[in-house]
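The next block holds one structure in the form of structure tokens; read it before the comments.
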Amino acid sequence: MKILVINSGSSSIKYQLFEMLGQTALAGGSIERIGQKDSQATHWVYRDGEVRKHSRVLAVKDHRAGLKIVAQLLTDPEVGVIPHPSEVDAVGHRVVHGGENFSTTTLIGKDVRASIKKLIPLAPLHNPANLKGIEVAMEVFARARQVAVFDTAFHQTLPEEAFRYAIPGTLYRDNGIRVYGFHGTSHRYVARKTAEHLGRDLKKTRLITAHLGNGASITAVKDGKSVDTSMGFSPLAGLMMGTRCGDIDPSVIFYLHRSLGMTVDEIDALLNRQSGLQGVGGNSDLRDILKRAEAGEGDAQLALKMYAYRIKKYIGAYIAVLNRVDALVFTAGVGENSPYIRGKSCEGLEHLGIILDDGKNKTAPRGVSEIQADGSKIKVLVIPTNEELEIALQTEELIKSAPIN
Ligand code: ADP
């Protein structure tokens, strides 16, 4: 079975084609800067054990034109991997917001598209672009079954005391204001991988999963289910991120408006795009911050301390939520690659059952590894995430269980 995974953004389409037998990515790439004269198509193909990359700059008018280029690249005699678009059995779409309507992966029909559209006010930047991707994929890959995998779905198991905000109930009931949580595909993938690694049934496993990329979130997983997560109504809440502030007293927003005269749009941009590592340390990329901190720059050093401190606070909170924890899992760009952040986030947690082995932490090889010390009650793992593969796996699972009608 061949499954194409599509992540359609406001000005980009990212894709990967999988052969599910062996779970291999055959090809992938992205079309960026859609709508501009200098759009960039990057395509890679996995052949004879190596990855070959091709890129070109061209004008891509809109998402329809972009997805047609993807189909051409996938079927190209030189760089393609399939003879015809009809070889694609299913397309798995990443959809950011499924609200309360979607707690599982879903076959896309008219009703599902209408629901995704209805949820646009909750995800004004993402859902319209996701929907566009679905509509054009239905034309370009007409034979394939279309499946939606929601970023929020994994967190639909949060109990009400965790997902409600302490504001009047009508705002939840009539307006849907509550914690939704995001990065669900990644948290679910690493939870699954961790259970496999530990040789345990996921349904009997308790984990804290820390997805630390440009966006960052941390989730408490009890018996395989998400029971709390750091992002909230939007991806702005929780941990300190590349450019997002994470948790902040909402009064700061009133103050910025009333006393400093900032508009709501300006505050939105400030907290989403000019805060986090960028706002405190001057760079959004952790690698730059690490270099500048090493060179002795105070603001970069403070940014690192704040970033790790926030993670540590959430680890403590989620140990309290879960009571017994089998493993703490680090994933995504920072989680997989930064021994410094892993080390600082776990510092001083020995009384809560977490002790890192410094050597193992520093030399953790790529792939799944355990980095806790011998006496640590809670295992600490580094597990590379693979959201595209998780979308493909969930799509496959659904297609196999849902006969064509
Ligand atoms: P995205 O959320 O865009 O998918 P990623 O998961 O790729 O992000 O994570 C990006 C972050 O990972 C950046 O802050 C980057 O600096 C960090 N990162 C990547 N490689 C390393 C590394 N070797 N050491 C430290 N940080 C790294």
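Numbering (the numbering used here), first residue to last: 842 to 1246. Even glycine gets a Cβ: it sits at the ideal position worked out from N, Cα and C.
> What does a CB cutoff of less than 7 Å around glycine 1054 pick up in its chain, not counting 5 residues either side in sequence?
Replying inline: Ala1173, Gly1174 and Val1175
> Which runs of the alpha helix (DSSP H) fall wholly inside the stretch 980-1066 and span at least 4 residues, in chain order?
Replying inline: 1001-1004, 1010-1014 and 1025-1039
> Can you list, in chain order, the stretches of the alpha helix (DSSP H) that have 4 or more residues and sit fully within the stretch 1114-1181?
Replying inline: 1117-1122, 1127-1135, 1139-1163 and 1173-1178
> Got a sec, what are the start and stop residues for the alpha helix (DSSP H) asparagine 1202 sits in?
Replying inline: Segment 1199-1204, the alpha helix (DSSP H) holding asparagine 1202.
>> Let me make sure I understand the geometry here. Which of Asn848, Ala1158 and Leu1118 has the alpha-carbon closest to that of aspartate 1140?
In response: With respect to the C-alpha of aspartate 1140, the residue from Asn848, Ala1158 and Leu1118 having the closest C-alpha is Leu1118.
> Of the choices Ser849, Ile844 and Ile872, whose alpha-carbon is the least far from that of glutamate 860?
Replying inline: Ile844
> Going by other Cβ atoms of all chains shown within 10 Å of its Cβ, with 16 needed for buried, is tyrosine 1159 buried or exposed?
Replying inline: buried
> For the putative contact between isoleucine 1059 and tyrosine 1155, defined by C-beta atoms under 8 Å, what is the C-beta separation to the nearest angstrom?
Replying inline: 5 Å
> Is valine 1223 near serine 1210, with beta carbons less than 8 Å apart?
Replying inline: yes
> Terminal residues of the continuous alpha helix (DSSP H) containing leucine 1193?
Replying inline: Counting along the chain, no alpha helix (DSSP H) covers leucine 1193, and no H or E run does either.
> Which stretch, first to last residue, makes up the alpha helix (DSSP H) that contains glutamate 1228?
Replying inline: Its alpha helix (DSSP H) spans residues 1228-1242.
> By the 10 Å Cβ neighbour count, where 16 or more other Cβ atoms means buried, how is threonine 1026 classified, buried or exposed?
Replying inline: buried
>> methionine 1081 and methionine 1147 - do their beta-carbons sit closer together than 8 Å?
In response: Yes, they are a contact pair.
> Exposed or buried, lysine 1063, counting other C-beta atoms within 10 Å across all chains shown (16 or more means buried)?
Replying inline: Buried is the call here.
> With DSSP run on the structure shown, which of helix, strand or coil describes leucine 820?
Replying inline: Nothing can be reported for residue 820, as the shown portion of the chain is limited to 842 through 1246.
>> Does glycine 921 come out as helix, strand or coil in the three-state DSSP assignment?
In response: In the displayed model, glycine 921 falls within coil according to three-state DSSP, outside both helix and strand.
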